[in-house]
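Below is one structure, written out as structure tokens; the observations come after it.
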């Protein structure tokens with residue numbers, strides 16, 4: 006989760022708004038399409054702002070100009086041939102997938118009906134609105150289309166009588182979603198981050214309750230001190246810390262997205278949001294280093310055999326983690342928007358950190374293989390092998406995800422990026438459950454790792 010988080014945060018240099026500004030010219034049809042959600046029974050009821058979903062068009066005030074304006078759903082637009090044909094088409098990701106920004110072939114046009122024919126047939130899926138606006142006569146030069154159903158909607162403008170000295174007419178289209186001020190792709194993150202937060206909290210509660218019951222029912226542990234108990238169940242306690250840390254990471258993300266959903270993307274530059282973002286990145290830095298250090302410790306056999314604890318190797322591990330921690334803190338400063346030490350090179354630093362994490366992973370694999378060969382208990386050898394097989398899958402997913410996120414970002418496929426990212430996070434959650442099942446009944450006694 007954390008390497009891909011670094012990738013994702015490094016890409017968020019700018020914040021994308023929900024308003025689009027376009028330029029209209031005389032007698033040249035212009036088409037813009039986007040997804041509008043009307044989630045009456047919101048999946049996140051307590052976070053949803055319960056706005057009235059609408060499309061607001063605000064025109065430049067040019068006396069004498071008129072704008073023929075058509076609101077039609079994407080599914081209905083696919084069935085009609087427009088006259089005049091839009092010269093320019095602008096689409097969001099959902100509309101691009103529906104190919105609403107492509108031009109139909111002549112054969113396809115022959116199968117379509119005119120707009121009047123569609124209206125007369127009453128076979129349209131969603132209501133169609135058609136107006137001829139005089140911007141100078143509209144209240145505040147704007148008009149609102151109220152949206153009843155979730156769908157892709159298109160607005161087609163055809164301007165006329167634009168004064169020659171003006172040359173064109175500007176129009177701003179504001180797509181308002183029912184759930185709030187987020188983009189649909191960011192609302193997807195909010196929903197899944199909250200779902201995964203609850204999932205990790207539930208996993209933590211179940212595992213903690215299981216471990217507590219195991220200790221209480223084990224008569225041999227009833228008389229042990231807390232320090233000895235902690236040593237016996239070190240692996241399980243570390244897993245609990247990992248689960249809790251991951252849950253907190255998702256919770257932090259939910260807080261940030263919910264604030265943006267409430268106040269809009271302009272709030273991202275506020276002091277409170279900058280501080281929240283900085284705290285989240287600082288926690289991510291600390292948590293990442295904690296994971297790296299414990300992976301090195303466990304793979305090196307320090308918890309498996311009392312005679313394998315090397316003070317020199319421990320110092321190397323701590324120095325490596327300290328160096329990584331400083332870089333991650335530097336990355337947090339760069340991404341906090343408060344002050345830039347590297348002069349805007351956060352993306353390069355993210356790549357450099359990611360390479361180090363890959364190197365650490367291979368180092369852990371090497372140490373784990375050496376430890377695996379020294380283990381005499383077949384069950385423990387299998388547990389260690391399964392653990393690093395699962396971690397390898399997790400690492401490969403992170404590596405693929407990093408490349409995919411970069412590709413989707415460059416191509417502005419933000420909803421696709423959200424789908425891929427949350428799928429990877431869900432897989433990581435399933436792997437975490439598998440790790441819990443592998444190590445839940447294993448403890449340490451007399452410096453040796455024993456299965457019970």
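Numbering (our numbering), first residue to last: 6 to 457. The C-beta atom is built at its ideal place from N, Cα and C for all residues, glycine as well. Here the structure is a predicted model, which is why all the values come from computation and not from measurement.
Worksheet item: Just how far apart, CA to CA, sit residue 422 and residue 381?
Response: One-based indexing of the chain shown puts residue 422 at position 417. One-based indexing of the chain shown puts residue 381 at position 376. Residue 422 and residue 381 have their C-alpha atoms roughly 45 Å apart.
Worksheet item: With which residues is residue 78 paired in a DSSP beta bridge?
Response: Mapped onto the chain shown, residue 78 falls at position 73. Partner(s): 158.
Worksheet item: What distance in whole Å lies between the Cβ atoms of residue 388 and residue 447, which are believed to be in contact at a cut-off of 8 Å?
Response: Reading the chain shown from its first residue, position 442 is the one you call residue 447. Reading the chain shown from its first residue, position 383 is the one you call residue 388. Right, their Cβ atoms sit about 7 Å apart.
Worksheet item: Distance, Cα to Cα, residue 78 vs residue 169?
Response: Mapped onto the chain shown, residue 78 falls at position 73. Mapped onto the chain shown, residue 169 falls at position 164. A straight line joining the alpha-carbon of residue 78 with that of residue 169 spans about 33 Å.
Worksheet entry | Inter-residue spacing [alpha-carbon to alpha-carbon] between residue 267 and residue 242 | On the chain shown, position 262 is the one that residue 267 refers to. On the chain shown, position 237 is the one that residue 242 refers to. Going from the Cα of residue 267 to the Cα of residue 242 covers about 37 Å.
Discussion item. The alpha helix (DSSP H) that contains residue 307, what's its start and end?
Written reply: Counting from one through the chain shown, the residue named residue 307 turns up at place 302. Counting along the chain, residue 307 sits inside no alpha helix (DSSP H), nor does DSSP assign it H or E at all.
Discussion item. Tell me which residue opens and which closes the alpha helix (DSSP H) that residue 59 is part of.
Written reply: For the purposes of this step, residue 59 is taken as the residue at position 54 of the chain shown. Under the DSSP assignment, residue 59 falls outside any alpha helix (DSSP H), being part of the beta strand (DSSP E) whose first and last residues are 59 to 64.
Worksheet item: Are residue 160 and residue 63 touching if we call contact CB-CB under 8 Å?
Response: On the chain shown, residue 160 is found 155 positions in, with the first residue counted as 1. On the chain shown, residue 63 is found 58 positions in, with the first residue counted as 1. No. Outside cutoff.
Discussion item. On the criterion of 16 or more Cβ atoms from any shown chain inside 10 Å, does residue 265 qualify as buried, or is it exposed?
Written reply: Within the chain shown, the letter at position 260 stands for residue 265. Under the 10 Å beta carbon count, residue 265 is surrounded by 16 or more other beta carbons and is classified as buried.
Worksheet item: Roughly how many angstroms lie between the CA atoms of residue 10 and residue 110, to the nearest whole one?
Response: Taking the chain shown and counting its residues from 1, one reaches residue 10 at position 5. Taking the chain shown and counting its residues from 1, one reaches residue 110 at position 105. Low per-residue confidence applies at residue 10: pLDDT is 44, beneath 50, and the placement is therefore not dependable enough to give any value.
Discussion item. Can you look up residue 214 in the DSSP assignment and give me helix, strand or coil?
Written reply: The residue you call residue 214 lines up with position 209 of the chain shown. Residue 214: helix per DSSP, three-state reduction.
Worksheet entry | Close beta carbons around residue 372, own chain, < 8 Å, minus the five adjacent residues each side | The residue labelled residue 372 in the question sits at position 367 within the chain shown. Closer than 8 Å at the Cβ level, and outside the excluded window around residue 372, lie 301, 304, 305, 306.
Practice prompt. Output yes or no for whether 8 Å exceeds the beta carbon distance between residue 154 and residue 131.
Written response: Translated into positions along the chain shown, residue 154 becomes position 149. Translated into positions along the chain shown, residue 131 becomes position 126. In this structure, the beta-carbon distance from residue 154 to residue 131 falls below 8 Å.
Discussion item. Does residue 374 pass the burial test, meaning 16 or more other C-beta atoms within 10 Å, or should it be called exposed?
Written reply: Your numbering for residue 374 matches position 369 in the chain shown. Around the Cβ of residue 374, a 10 Å sphere holds fewer than 16 other Cβ atoms; the residue is exposed.
Worksheet item: For residue 163, which residues from the same chain have a beta carbon less than 6 Å from its beta carbon, with the 5 sequence-adjacent residues on both sides left out?
Response: Position 158 of the chain shown, counted from the first residue, corresponds to residue 163. Answer for residue 163: 34, 73, listed in chain order.
Item to complete: List the DSSP bridge partners of residue 95.
Response: The count along the chain shown starts at 1 and reaches residue 95 at position 90. Under DSSP, the beta-bridge partners assigned to residue 95 are 37.
Worksheet item: Rounded to a whole number of angstroms, what is the C-alpha to C-alpha distance between residue 84 and residue 143?
Response: In the chain shown, counting from the first residue as 1, residue 84 sits at position 79. In the chain shown, counting from the first residue as 1, residue 143 sits at position 138. Cα to Cα, the separation comes out at about 31 Å.
Worksheet item: Can you tell which of 286, 124, 66, 426 has its C-alpha closest to the C-alpha of residue 196?
Response: For this step, residue 196 is matched to residue 191 along the chain shown. Comparing Cα positions, the closest option is 426.
Item to complete: Out of 262, 252, 273, 403, state which residue places its alpha-carbon closest to the alpha-carbon of residue 292.
Response: Within the chain shown, the letter at position 287 stands for residue 292. Checking every option, the nearest Cα to that of residue 292 belongs to 252.
Worksheet item: Are the CB atoms of residue 283 and residue 158 nearer to each other than 8 Å?
Response: On the chain shown, position 278 is the one that residue 283 refers to. On the chain shown, position 153 is the one that residue 158 refers to. Annotated as distal: residue 283 and residue 158, with beta-carbon spacing of 8 Å or more.
Worksheet item: Can you check whether the CB of residue 294 is closer than 8 Å to the CB of residue 244?
Response: Stepping through the chain shown from its first residue, residue 244 is reached at position 239. Stepping through the chain shown from its first residue, residue 294 is reached at position 289. No, the pair does not count as a contact, with Cβ atoms beyond the cut-off.
Discussion item. For residue 135, list the residues DSSP reports as bridge partners.
Written reply: What you label residue 135 is simply residue 130 of the chain shown in a count that begins at 1. Its beta-bridge partners are 75.
Worksheet entry | CB-CB length for residue 332 against residue 354, believed under 8 Å | Residue mapping note: residue 332 aligns to position 327 of the chain shown, counting from 1. Residue mapping note: residue 354 aligns to position 349 of the chain shown, counting from 1. Yes, residue 332 and residue 354 are in contact; Cβ-Cβ is about 7 Å, under 8 Å.
Worksheet item: To the nearest angstrom, how far is it from the Cα of residue 65 to the Cα of residue 93?
Response: Position 60 of the chain shown, counting from 1, holds the residue named residue 65. Position 88 of the chain shown, counting from 1, holds the residue named residue 93. Using only the alpha carbons, I get a separation of about 19 Å.
Discussion item. Please identify the residue among 221, 296, 43 whose C-alpha is closest to the C-alpha of residue 365.
Written reply: Working through the chain shown from its first residue, we reach residue 365 at position 360. Measuring from the Cα of residue 365, the nearest candidate turns out to be 296.
Worksheet item: Can you round the beta-carbon distance between residue 395 and residue 440 to whole angstroms, since I take them to be within the 8 Å contact cut?
Response: Residue mapping note: residue 395 aligns to position 390 of the chain shown, counting from 1. Residue mapping note: residue 440 aligns to position 435 of the chain shown, counting from 1. 6 Å between Cβ atoms; contact.
Worksheet item: What's the gap between the Cα of residue 181 and the Cα of residue 274?
Response: Within the chain shown, residue 181 is the residue found at index 176, counting from 1. Within the chain shown, residue 274 is the residue found at index 269, counting from 1. Just so you know, the alpha carbons of residue 181 and residue 274 end up roughly 21 Å apart.
Worksheet item: Quick one: what's got a C-beta closer than 6 Å to residue 256's C-beta in the same chain, skipping five residues either side?
Response: The count along the chain shown starts at 1 and reaches residue 256 at position 251. The answer, listed in chain order, is 202.
Worksheet item: So which of 91, 43, 90 has the shortest CA-CA distance to residue 186?
Response: One-based indexing of the chain shown puts residue 186 at position 181. When the alpha-carbon of residue 186 is set against those of 91, 43, 90, the nearest one is in 43.
Worksheet item: By DSSP, does residue 356 sit in helix, in strand, or in coil?
Response: As a first step, residue 356 is located in the chain shown; it is residue number 351 there, counting from the start. Residue state, collapsed to three classes: helix.
Fill in: residue 411 beta carbon less than 8 Å from that of residue 174
Translated into positions along the chain shown, residue 174 becomes position 169. Translated into positions along the chain shown, residue 411 becomes position 406. In this structure, residue 174 keeps its C-beta atom at 8 Å or more from the C-beta atom of residue 411.
Worksheet item: Considering residue 121, what are the terminal residues of the alpha helix (DSSP H) in which it resides?
Response: Position 116 of the chain shown, counted from the first residue, corresponds to residue 121. Per DSSP, the continuous alpha helix (DSSP H) segment holding residue 121 begins and ends at 120 to 126.
Fill in: Local Cβ density within 10 Å of residue 135, reported as buried at 16 or more and exposed below that
Your numbering for residue 135 matches position 130 in the chain shown. Burial call: exposed.
Worksheet item: In terms of residues, what are the limits of the beta strand (DSSP E) holding residue 256?
Response: Reading the chain shown from its first residue, position 251 is the one you call residue 256. Unbroken run through residue 256 is the alpha helix (DSSP H), 239 to 268; no beta strand (DSSP E).
Practice prompt. Look up residue 23 in the DSSP assignment and say whether it is helix, strand or coil.
Written response: Taking the chain shown and counting its residues from 1, one reaches residue 23 at position 18. DSSP, read as helix, strand or coil, puts residue 23 in coil.
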